[in-house]
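Going by UniProt numbering, the first residue of the sequence shown is number 1, and it counts up by one from there. Here's the structure we're looking at; comments come further down.
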Amino acid sequence: MSTAENPTPGLRLDVVTIFPEYLEPLRHALLGKAIEQGILSVGVHDLRAWATDVHKSVDDTPYGGGPGMVMKPTVWGPALDDVAAGTGAATRTAELTSSLPHLHKPRHDDLTGSEGIDDGVDKQPGADAGKPLLLVPTPAGKPFTQSDAQEWSKESHIVFACGRYEGIDQRVIDDAANRYRVREVSIGDYVLIGGEVAVLVIAEAVVRLIPGVLGNRRSHEEDSFSDGLLEGPSYTKPRVWRDLEVPEVLFSGNHARVDRWRRDQALKRTRAVRPELLEQVELSGRDREALEGE
Ligand code: 6GU
């Protein structure tokens with residue numbers, strides 16, 4: 001798996017934020033284990049390290065007027081340049097030791113331009129191939145899905161740019177396309193104060209799909225969404241609890257019957273909770289029977 005482009009197997013995650021302590025959970029529990037295994041390395045960078053004035057200001061009033069503040073391109077630009085080059089000082093330097101800097105010298109003929117709305121399709125895949133992936137969490141982004149998580153679990157370097165306030169000067173996003181493949185992403189139809197929590201969400205969804213991270217899981221093929229359906233109910237011992245019995249089929253020892261029952265449960269739950277998902281699923285005759293049976 002090692003190549004010249006990707007000297008360390010696994011994933012390098014960098015996060016640029018004005019609240020580095022908010023990203024502490026990245027180093028704990030689930031993701032901390034991946035770091036110990038050498039599958040993941042994390043660098044958290046305080047944006048204020050790139051502020052140039054005595055007050056370390058990172059935002060300014062919006063052109064055209066209106067409420068709130070906009071994050072400054074003169075701070076974000078150099079920050080993203082340094083982090084792309086692997087020269088950004090991390091807030092916790094200890095975690096940097098396991099990573100190799102991602103050296104990519106931008107070439108004048110690398111320019112892809114990023115005017116207009118990013119449709120997530122690389123315009124020049126050849127020129128972009130070696131660039132790290134820049135994820136910019138914003139409620140104005142494209143919805144993040146399980147299929148994004150699957151794709152991004154194969155990346156070698158992902159950088160998150162966390163905006164606060166009313167967002168980041170759009171030219172930062174446009175210019176970053178010189179050094180990155182850029183995606184603006186949303187984690188749902190609601191508004192958070194900043195992108196930090198979205199980074200935790202996306203990082204967890206991505207890292208758990210890297211081979212070797214999820215210890216004893218056979219595969220991710222049974223995850224909710226992987227087959228387009230929500231997962232049905234699960235049970236464990238005892239067989240009877242507070243007069244409630246585990247469905248009899250689960251003791252039948254008949255794997256085909258158990259699989260069929262689980263599929264039926266998934267179909268029924270999906271129809272009840274997320275009916276719009278069912279429209280994207282190819283249903284067999286037996287699937288239709290199960291849904292009609294109620
Ligand atoms: Cl990714 N960021 C922010 N700030 N708010 C959000 C979001 C992201 N996704 C939904 N709301």
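Even glycine gets a Cβ: it sits at the ideal position worked out from N, Cα and C. None of these values were measured; they are calculated from a predicted model.
For the ligand 6GU, I want to know if residue i counts as a neighbour, meaning its beta carbon is within less than 7 Å of at least one of the ligand's heavy atoms.
{"i": "Asp22", "result": "Checking the sequence shown, residue 22 turns out to be Tyr, not Asp. Not under cutoff, so the answer is no."}
{"i": "Ser57", "result": "no"}
{"i": "Leu192", "result": "yes"}
{"i": "Thr138", "result": "yes"}
{"i": "Ala34", "result": "no"}
{"i": "Gly141", "result": "yes"}
{"i": "Ile187", "result": "yes"}
{"i": "Gly232", "result": "no"}
{"i": "Ala198", "result": "yes"}
{"i": "Gly195", "result": "yes"}
Round the Cβ separation of residue i and residue j to the nearest angstrom and send it over; I've been treating them as touching at under 8 Å.
{"i": "Tyr180", "j": "Leu229", "result": "With a Cβ gap of about 34 Å, Tyr180 and Leu229 do not count as contacting."}
{"i": "Ile210", "j": "Val201", "result": "Actually they do not touch by this definition, with Cβ atoms about 16 Å apart."}
{"i": "Phe160", "j": "Pro143", "result": "No, Phe160 and Pro143 are not in contact; Cβ-Cβ is about 17 Å, not under 8 Å."}
{"i": "Gly232", "j": "Arg262", "result": "6 Å"}
{"i": "Ala90", "j": "His45", "result": "6 Å"}
{"i": "Lys72", "j": "Asp169", "result": "7 Å"}
{"i": "Pro132", "j": "His157", "result": "4 Å"}
{"i": "Glu196", "j": "Leu23", "result": "6 Å"}
{"i": "Ala203", "j": "Leu26", "result": "6 Å"}
Label residue i either buried or exposed according to how many other C-beta atoms from any shown protein chain fall within 10 Å of its C-beta, with 16 as the threshold for buried.
{"i": "Val172", "result": "buried"}
{"i": "Gln280", "result": "exposed"}
{"i": "Val167", "result": "It is worth fixing the name first, because residue 167 is Gly in this sequence and not Val. It counts as buried."}
{"i": "Thr270", "result": "buried"}
{"i": "Glu36", "result": "exposed"}
{"i": "Asp264", "result": "buried"}
{"i": "Ile193", "result": "exposed"}
{"i": "Val185", "result": "buried"}
{"i": "Arg242", "result": "exposed"}
{"i": "Ser41", "result": "buried"}
{"i": "Glu276", "result": "exposed"}
{"i": "Leu103", "result": "Low confidence applies to Leu103: its pLDDT is 33, below 50, so where it sits in the model is not reliable, and the reading given next is rough at best. The residue in question, Leu103, is exposed, as its Cβ has fewer than 16 Cβ neighbours within 10 Å."}
{"i": "Arg183", "result": "buried"}
{"i": "Val191", "result": "exposed"}
{"i": "Leu31", "result": "buried"}
{"i": "Asp14", "result": "buried"}
{"i": "Arg164", "result": "buried"}
{"i": "Gly88", "result": "buried"}
{"i": "Ala129", "result": "exposed"}
{"i": "Lys105", "result": "Confidence at Lys105 is low in this model, with a pLDDT of 34, below 50, so its placement is unreliable and the value that follows should be read with caution. Its Cβ having fewer than 16 others within 10 Å, Lys105 is exposed."}
Would you say the beta carbon of residue i is closer than 7 Å to some non-hydrogen atom of the ligand FAD?
{"i": "Val16", "result": "Absence of the ligand FAD is noted for the structure shown, with the ligand 6GU being the only ligands found."}
Apart from the five residues on each side of it in sequence, which residues of its chain come closer than 6 Å, Cβ to Cβ, to residue i?
{"i": "Ala205", "result": "Ala149"}
{"i": "Gly126", "result": "none"}
{"i": "Arg107", "result": "Confidence is the limiting factor: at Arg107 the pLDDT is only 32, short of 50, which leaves the residue's position unreliable, though a coordinate-based value still follows. So the list is empty, once near-sequence residues are dropped."}
{"i": "Trp50", "result": "Val75, Pro78, Ala79"}
{"i": "Ala290", "result": "Asp264, Leu267"}
{"i": "Glu282", "result": "none"}
{"i": "Asp82", "result": "Gly88"}
Might you give, ordered along the chain, the residues of its own chain that have their beta carbon closer than 8 Å to the beta carbon of residue i, omitting 5 neighbours on each side?
{"i": "Val258", "result": "Val249, Leu250, Ser252"}
{"i": "Leu80", "result": "Val16, Leu134, Val159, Ala161, Val172, Ala176, Arg179, Tyr180"}
{"i": "Gly116", "result": "Residue placement at Gly116 is flagged as unreliable, the pLDDT there being 46, under the threshold of 50; the coordinate-derived value follows with that caveat. Correct list: empty, nothing qualifies."}
{"i": "Pro62", "result": "Gly68, Met69, Val70, Glu166"}
{"i": "Val240", "result": "Val246"}
{"i": "Leu244", "result": "none"}
{"i": "Asp223", "result": "Gln146, Glu231"}
{"i": "Ala94", "result": "Residue placement at Ala94 cannot be trusted, given a pLDDT of 38 that sits under 50; what the coordinates show is reported in the next sentence. Correct list: empty, nothing qualifies."}
{"i": "Arg274", "result": "Leu230"}
Between residue i and the rest of its own chain, which residues show a CB-CB distance below 7 Å, the 5 nearest in sequence each way excluded?
{"i": "Ala266", "result": "Leu229, Leu230, Glu231, Gly232"}
{"i": "Val213", "result": "Ala34, Ile39, Val207"}
{"i": "His220", "result": "Leu209, Ser226"}
{"i": "Arg48", "result": "Ile18, Lys56, Val58"}
{"i": "Pro20", "result": "Val44, Asp46, Thr91"}
{"i": "Asp60", "result": "Met69, Val70, Lys72"}
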